[in-house]
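Asker:
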Ligand SMILES: [Zn+2]
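Residue numbers (our numbering): 64 to 362.
1. Just list the alpha helix (DSSP H) runs in the segment 244-327, keeping only unbroken ones of 4 residues or longer that don't cross its boundaries, in chain order.
2. Would you tell me roughly how many angstroms separate the C-alpha atoms of residue 344 and residue 353, rounded to the nearest one?
3. Verify the contact flag: residue 339, CB atom, against every heavy atom of ligand 1, threshold strictly below 6 Å.
4. By Cβ distance below 6 Å, which residues in the same chain neighbour residue 232 in space, the five residues on each side in sequence not counted?
5. Closest by CA to residue 170, which one among 158, 103, 209?
6. Over what stretch of residues does the beta strand (DSSP E) that includes residue 137 continue unbroken?
7. Nearest by alpha-carbon distance to residue 211: which of 242, 157, 320, 105 is it?
8. Can you tell me whether residue 120 is helix, strand or coil according to DSSP?
9. Would DSSP call residue 224 helix, strand or coil?
10. Using the Cβ count rule (16 or more neighbours within 10 Å means buried), how would you classify residue 346?
11. Quick one: residues in its chain with C-beta nearer than 8 Å to the C-beta of residue 118, no 5 flanking neighbours on either side, listed in chain order?
12. Give a yes or no on contact between the segment 260-276 and the segment 291-299, applying the rule of three or more CB pairs nearer than 8 Å.
13. Nearest to residue 264 by CA position, among 73, 245, 140, is which residue?
14. At a threshold of 6 Å, does residue 146 count as lining ligand 1 (C-beta to nearest heavy atom)?
15. Three or more C-beta pairs closer than 8 Å, one from the segment 190-200 and one from the segment 158-169: is that the case here?
16. How about residue 336: is its Cβ closer than 6 Å to a heavy atom in ligand 1?
17. Can you give, in chain order, each stretch of the alpha helix (DSSP H) that sits fully within the segment 134-181 and has at least 4 residues?
18. Excluding the 5 residues preceding and the 5 following residue 80 in the sequence, name in chain order all residues of the same chain whose CB lies nearer than 8 Å to its CB.
19. Please report the distance separating the alpha-carbon of residue 274 from that of residue 96.
20. For the beta strand (DSSP E) that contains residue 341, what are its first and last residues?
21. Could you check the C-alpha separation between residue 199 and residue 122 for me, to the nearest Å?
22. Let me check you understand the geometry: is the CB of residue 303 closer than 6 Å to at least one non-hydrogen atom of ligand 1?
In structure tokens form, the structure reads like this:
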């Protein structure tokens, strides 16, 4: 998979062997632009979702390859919330509750007009067999990266720091969307992590200004001498399908499928991640009915 890293969107996992720090670097500019196009996002909604996609890929990069990770933000500001679903292989999708936000503050209050005064941030980890482990913090800093760092301080036992950056390029607000995660490994040098974390936002800004071509170059600019462990593309990917919609309708049971047929003739479901409209036609519903178990009986 190494051939794509360095050319565009990607995620690279590495370590700083002497300090025993784990590093993940993501560039997901194209994924953020895809999200903007699919959801017709105005600039602040697009930037916050772009940051969310980057954060999701970084956090998922810490899990095993098959695992999925969800990042959920709920807030009382006009954005209202965002949701990101990412896999350990760099596949990511997401949405915001309000695509039309274009209110921005300055400095530490840059995202506060969009996020408002209160809310929470949750991380949901797939621990297999449909079970999720959820951990949440109240929003206190009103910036996705800062509140994520607050999450790591309060909810996670492992010293971790995340920096996220969306850099405009001329007329393009999503010129580059990138993120960096630093995490102490067992017996890692937490003091060095804190020292690097203090200047990481500024270092990321400087490195992106030099127009690196991908995650690998960004890693080398930020952490010369880091030992690369793995890299993969980071790409927008939705896992929805018509079959999944049919499976969901079928699981409602015979009476409900019959009711949909009688009352609507067909069923249309729009995917909230990619906005694809999946239609279960009359013929699909009749076939489901032929296969459906009787309602109310456990299978
Ligand atoms: Zn979809």
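From the three backbone atoms N, C-alpha and C, an ideal C-beta is built for every residue, glycine too.
Answerer: Considering the structure as presented:
1. 253-261, 263-272, 278-285, 305-313, 317-326
2. Here residue 344 refers to the residue found at position 281 when the chain shown is read from its first residue. Here residue 353 refers to the residue found at position 290 when the chain shown is read from its first residue. Near 14 Å, if we compare the C-alpha coordinates of residue 353 and residue 344.
3. In the chain shown, the residue the question calls residue 339 occupies position 276. Yes, ligand 1 has a heavy atom inside 6 Å of this Cβ.
4. Here residue 232 corresponds to residue number 169 of the chain shown, with the count starting at 1. So the list reads 238, once near-sequence residues are dropped.
5. Translated into the one-based positions of the chain shown, residue 170 becomes position 107. When only C-alpha atoms are compared, the closest one is 209.
6. Here residue 137 corresponds to residue number 74 of the chain shown, with the count starting at 1. 131-138 is the span of the beta strand (DSSP E), which, as asked, contains residue 137.
7. Start at 1 with the first residue of the chain shown, and residue 211 comes out as number 148. The residue with the shortest Cα to Cα distance from residue 211 is 242.
8. Looking up residue 120 in the chain shown gives position 57. Note: residue 120 maps to helix in three-state DSSP.
9. By one-based count along the chain shown, residue 224 stands at place 161. In the structure shown, residue 224 sits in a strand (DSSP, three-state: E or B).
10. As a working mapping, residue 346 is identified with position 283 in the chain shown. Classification for residue 346: exposed.
11. For the purposes of this step, residue 118 is taken as residue 55 along the chain shown, with counting starting at 1. Apart from sequence neighbours up to five positions away, the residues of its chain that approach residue 118 with a beta-carbon distance below 8 Å are 134, 147, 207, 208, 211, 225, 227, 242, ordered along the chain.
12. no
13. In the chain shown, counting from the first residue as 1, residue 264 sits at position 201. It is 245.
14. Taking the chain shown and counting its residues from 1, the one referred to as residue 146 is at position 83. Residue 146 Cβ: outside cutoff for every heavy atom of ligand 1.
15. no
16. Within the chain shown, residue 336 is the residue found at index 273, counting from 1. Yes, since a heavy atom of ligand 1 falls inside the 6 Å radius drawn around the Cβ of residue 336.
17. Taking only runs of at least 4 residues, the alpha helix (DSSP H) segments lying wholly in the segment 134-181 are 175-178.
18. To locate residue 80, count along the chain shown from 1; it is residue 17. Cβ neighbours of residue 80 beyond the five flanking positions: 290.
19. To locate residue 274, count along the chain shown from 1; it is residue 211. To locate residue 96, count along the chain shown from 1; it is residue 33. Rounded to whole angstroms, the separation of the alpha carbons of residue 96 and residue 274 is 17 Å.
20. By one-based count along the chain shown, residue 341 stands at place 278. 340-343 is the span of the beta strand (DSSP E), which, as asked, contains residue 341.
21. By one-based count along the chain shown, residue 199 stands at place 136. By one-based count along the chain shown, residue 122 stands at place 59. If you take the alpha carbons of residue 199 and residue 122, they lie about 14 Å apart.
22. Position 240 of the chain shown, counted from the first residue, corresponds to residue 303. Residue 303 Cβ: within cutoff of ligand 1.
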